[in-house]
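K.L.:
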Amino acid sequence: MAYYRSVGNIPPKRHTQHRTPEGGLFYEELMGEEGFSSDSSLLYHRGVPSALVDATPWELPDQRTTENRPLLPRHLKLHSLFPGEEYKRADVVTGRRLVLGNADVRISYVAAGEASPLYRNALGDECVYVESGEATVETVFGVLTARQGDYVLLPRSTTHRWVPTGTEPLRAYVIEANSHIAPPKRYLSRYGQLLEHSPYCERDLHGPTEPMLVEGTDVEVLVKHRGSRGVTGTRYVTPTHPFDVVGWDGCLYPYTFNVSDFEPITGRVHQPPPVHQVFEGNNFVICNFVPRKVDYHPLSIPVPYYHANVDSDEVMFYCGGDYEARKGSGIGQGSISLHPGGHSHGPQPAAVERSIGAESFDELAVMVDTFRPLELGEGGTASEDPAYAWTWSGRGPQR
């Protein structure tokens with residue numbers, strides 16, 4: 001996010017002495033992407049940011065995946081993963097359940113009522129969509145307030161924790177990259193400004209506005225990182241609290257963006273999914289389908305045409321409204337549909353004729369398209385509706 005911010009107490013010149021009121025030095029830390037060649041920020045700590053007093057293995061929630069074989073479109077009912085008041089014992093970090101994943105991206109789901117431990121993802125950026133509920137996201141850069149409809153963008157290795165607020169469960173759809181996540185390049189000028197044809201702008205992005213200073217000793221931080229068998233974890237203990245930053249500046253920081261601030265792009269005939277794109281990572285994109293006016297050609301068919309994305313798997317998370325193209329399939333609030341490359345997919349047959357003449361759709365969904373095949377995590381296999389693949393034909397296999 002090449003959009004400069006300055007928060008708190010920083011010196012007038014980088015890499016120079018910045019002293020405490022008592023005469024000591026604050027400790028300057030550069031947090032940067034791509035080996036000093038991309039966006040970065042400078043943070044000024046009271047304590048030494050590299051200091052550790054203990055490190056032990058952290059056993060992550062189940063990260064195993066199984067291939068989508070036989071190759072099928074699938075319907076996953078995510079709300080079934082946290083029935084009743086089970087959410088009260090879960091937090092956004094350790095309670096998330098892996099639904100789908102590949103070498104580039106992992107998609108998890110969680111319903112939480114507990115504050116999470118301090119956490120740092122050293123594998124890649126996280127994009128967390130808040131389906132419902134509210135939270136305070138405490139970070140080394142300061143505090144974010146997250147509400148329903150917010151994307152919370154957390155750069156790789158940002159130490160943070162989630163604190164649910166309010167009375168209802170915090171339901172979160174977690175997209176973890178093995179890369180960075182940013183606005184699509186076609187929305188940006190060569191200097192990083194969001195252009196006029198972008199469906200959102202810098203005014204819609206909300207970062208921390210002041211430092212969050214917390215004191216503490218022997219503080220535990222969970223770190224997800226690379227290992228010889230893929231994803232693994234370590235439990236650090238630091239001598240001082242990581243939230244000891246008195247100020248920072250730069251173009252790398254966490255922020256929120258609410259889906260209601262996305263301005264949909266429409267046309268006379270049906271527009272392809274790239275017009276709905278909001279972010280991108282390495283080998284995947286994130287789109288959102290929001291309430292909007294639909295196609296206005298006199299012979300238009302507003303629901304999507306049948307399509308075979310030969311290079312990608314398509315994942316749709318249905319999180320609001322009434323999704324017109326899926327009526328009759330069993331899909332509802334909290335559902336995921338997985339339409340893999342190699343399978344031609346589209347609306348339920350009756351939805352095509354029914355959509356003709358519609359002027360608007362009241363629907364809300366988050367879509368992830370991946371360019372490597374997705375496998376099912378334990379949360380995906382646990383929440384599957386086995387009848388979905390046969391809903392276009394109306395009958396299942398004859399066994």
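Following UniProt numbering, the numbering of the sequence shown begins with 1 at its first residue and continues without gaps.
We put the CB at the ideal spot given by N, CA and C, even for glycine.
Note that the structure is a prediction, hence the values are computed from the model and not measured.
1. When you compare each of H160, H45, K88, N121 to W58 by their alpha carbons, which one comes out closest?
2. Would you decide whether H244 is buried or exposed? Buried here means 16 or more other CB atoms lie within 10 Å of its CB.
3. Among the residues of its own chain, which have a CB less than 8 Å from the CB of H160, if the five just before and after it don't count?
4. By the DSSP assignment, the alpha helix (DSSP H) with P397 in it spans what residues?
5. Do D39 and L252 have their beta-carbon atoms positioned less than 8 Å apart in this structure?
6. What number of angstroms, rounded off, separates the C-alpha of K13 from the C-alpha of E28?
7. In angstroms with no decimal places, state the Cα-to-Cα distance between G84 and E126.
8. Using the C-alpha atoms, what's the distance from R268 back to S300?
9. Does the structure place the stretch 192-210 close enough to the stretch 224-238 that three or more beta carbon pairs sit under 8 Å?
10. Could you tell me which of M316, H343, W390, E363 sits nearest to I107, measuring between CA atoms?
11. With a threshold of 7 Å on Cβ separation, who are the neighbours of L81 within its own chain once the five nearest residues in sequence on each side are excluded?
12. Suppose only complete runs of 3+ residues qualify. What are the beta strand (DSSP E) ranges in the stretch 210-280, listed by chain order?
13. Under the three-state reduction of DSSP, which class applies to L81: helix, strand or coil?
14. Since S337 is in the alpha helix (DSSP H), which residue starts that stretch and which ends it?
15. Please look up how many angstroms separate the CB atoms of P274 and D313, rounded, as I've assumed it's under 8 Å.
16. Pick helix, strand or coil for P184, following the three-state DSSP scheme.
17. Spatial neighbours of F257 within its chain, please: C-beta separation below 8 Å, excluding the five flanking residues on both sides.
18. Apply the 10 Å Cβ neighbour rule to A51 and answer buried if 16 or more other Cβ atoms are within range, or exposed otherwise.
19. May I ask which residues mark the beginning and end of the beta strand (DSSP E) holding E29?
20. Is it right to say A135 is buried, meaning 16 or more other beta carbons lie within 10 angstroms of its own, or is it exposed?
21. Measure from the alpha carbon of V310 to the alpha carbon of each residue in D369, G23, R190, D104, then state which is nearest.
22. Going along the chain, which residues of its own chain have a beta-carbon closer than 8 Å to the beta-carbon of A90, five neighbours each way excluded?
23. Under the rule that 16 or more other beta-carbon atoms within 10 Å means buried, what is N288, buried or exposed?
24. Are the stretch 72-79 and the stretch 326-341 touching, with three or more C-beta to C-beta distances below 8 Å?
25. Restricting to runs no shorter than 3 residues, where is the beta strand (DSSP E) found entirely within the UniProt domain "Cupin type-2" (110-175)?
26. Rounding to the nearest angstrom, what Cα-Cα distance links A351 and I175 in this structure?
27. Taking all protein chains shown into account, decide if R326 is buried (16 or more other Cβ within 10 angstroms of its Cβ) or exposed.
28. On a Cα-Cα basis, can you pick out the residue from N102, I265, T167, F26 that is closest to S198?
29. Does T381 come out as helix, strand or coil in the three-state DSSP assignment?
30. Is L52 close to chain D? Criterion is C-beta to C-beta, closer than 8 Å.
31. Cβ atoms of E263 and H241: under 8 Å apart, would you say?
32. Identify the residues that DSSP records as bridge partners of residue 414: which are they?
33. Which word fits Y318, buried or exposed, when buried means at least 16 other C-beta atoms lie within 10 angstroms of its C-beta?
34. Cβ atoms of K185 and D385: under 8 Å apart, would you say?
35. Alpha carbons only, please: which of L60, I286, P49, G8 is nearest the one belonging to L222?
36. I'd like to check one pair, P302 with S344: are the Cβ atoms closer than 8 Å?
P.N.:
According to the structure data:
1. Taking the first residue of the sequence shown as 1, we reach residue 58 at position 58. The alpha carbon of W58 has as its nearest neighbour, out of H160, H45, K88, N121, the alpha carbon of N121.
2. By one-based count along the sequence shown, residue 244 stands at place 244. The residue you asked about is not His; residue 244 is Asp in the sequence shown. The residue is buried, with at least 16 neighbouring Cβ atoms inside 10 Å.
3. Position 160 of the sequence shown, counting from 1, holds the residue named residue 160. The residues are L118, Y119, R120, V137, E138, T139, V140, L154, P254.
4. Looking up residue 397 in the sequence shown gives position 397. Annotation: P397 is outside any alpha helix (DSSP H) and is labelled neither H nor E by DSSP.
5. Translated into positions along the sequence shown, residue 252 becomes position 252. Translated into positions along the sequence shown, residue 39 becomes position 39. In this structure, D39 lies closer than 8 Å to L252 by Cβ.
6. Your numbering for residue 13 matches position 13 in the sequence shown. Your numbering for residue 28 matches position 28 in the sequence shown. K13 and E28: Cα-Cα distance of roughly 12 Å.
7. In the sequence shown, residue 84 corresponds to position 84, counting from 1. In the sequence shown, residue 126 corresponds to position 126, counting from 1. Roughly 27 Å separates the two Cα atoms.
8. Here residue 300 is taken as the residue at index 300 of the sequence shown, counted from 1. Here residue 268 is taken as the residue at index 268 of the sequence shown, counted from 1. Each residue's Cα considered, the two are about 7 Å apart.
9. No, the stretch 224-238 does not touch the stretch 192-210.
10. Taking the first residue of the sequence shown as position 1, residue 107 is located at position 107. It is M316 whose Cα lies nearest to the Cα of I107.
11. Residue numbering aside, residue 81 sits at position 81 when the sequence shown is read from its first letter. Cβ within range, chain order: R97, Y109, G379, A382, S383.
12. The qualifying runs are 217-227, 230-240, 245-250, 255-258.
13. Translated into the one-based positions of the sequence shown, residue 81 becomes position 81. Reduced to three states, the DSSP call for L81 is helix.
14. Position 337 of the sequence shown, counting from 1, holds the residue named residue 337. Segment 335-339 is the beta strand (DSSP E) holding S337; no alpha helix (DSSP H) there.
15. Start at 1 with the first residue of the sequence shown, and residue 274 comes out as number 274. Start at 1 with the first residue of the sequence shown, and residue 313 comes out as number 313. No, P274 and D313 are not in contact; Cβ-Cβ is about 16 Å, not under 8 Å.
16. Position 184 of the sequence shown, counted from the first residue, corresponds to residue 184. In the structure shown, P184 adopts coil according to DSSP, grouped into three states.
17. As a first step, residue 257 must be located in the sequence shown, where it is residue number 257. D150, Y151, L153, Y200, D204, L205, H206, V278.
18. Position 51 of the sequence shown, counting from 1, holds the residue named residue 51. Flag for A51 reads exposed.
19. If you number the sequence shown from 1, residue 29 lands on position 29. First-last of the beta strand (DSSP E) with E29: 27-32.
20. The sequence position of residue 135 within the sequence shown is 135, counting from 1. Burial call: buried.
21. Looking up residue 310 in the sequence shown gives position 310. Ranking D369, G23, R190, D104 by Cα distance to V310 puts D369 first.
22. Mapped onto the sequence shown, residue 90 falls at position 90. Excluding residues up to 5 positions away in sequence, F82, V110, A111, A112, G113, E114 lie with their Cβ nearer than 8 Å to the Cβ of A90 in the same chain.
23. The residue you call residue 288 lines up with position 288 of the sequence shown. It counts as buried.
24. Short answer: they touch.
25. Segments of the beta strand (DSSP E) lying fully in the UniProt domain "Cupin type-2" (110-175): 118-121, 126-132, 134-139, 142-146, 150-154, 160-165.
26. Position 351 of the sequence shown, counted from the start, is the residue given in the question as residue 351. Position 175 of the sequence shown, counted from the start, is the residue given in the question as residue 175. For A351 and I175, the distance between alpha carbons rounds to 30 Å.
27. For the purposes of this step, residue 326 is taken as the residue at position 326 of the sequence shown. R326 comes out buried.
28. In the sequence shown, the residue the question calls residue 198 occupies position 198. Looking at the Cα atoms, I265 is the closest of the given residues.
29. Residue 381 sits at position 381 when you count from the first residue of the sequence shown. Helix, per DSSP.
30. Given the protein chain composition of this structure (a single chain), no chain D is represented.
31. On the sequence shown, position 241 is the one that residue 241 refers to. On the sequence shown, position 263 is the one that residue 263 refers to. Contact: no.
32. The question about residue 414 has no answer, for the chain in this structure spans 1 to 399.
33. For this step, residue 318 is matched to residue 318 along the sequence shown. Y318 counts as buried, since at least 16 other C-beta atoms from the protein chains shown sit within 10 angstroms of its C-beta.
34. Walking along the sequence shown from the start, residue 385 turns up at place 385. Walking along the sequence shown from the start, residue 185 turns up at place 185. Not a contact, by the Cβ cut-off of 8 Å.
35. As a first step, residue 222 must be located in the sequence shown, where it is residue number 222. That would be L60, whose Cα lies nearest to the Cα of L222.
36. Along the sequence shown, one-based indexing puts residue 344 at 344. Along the sequence shown, one-based indexing puts residue 302 at 302. No. Outside cutoff.
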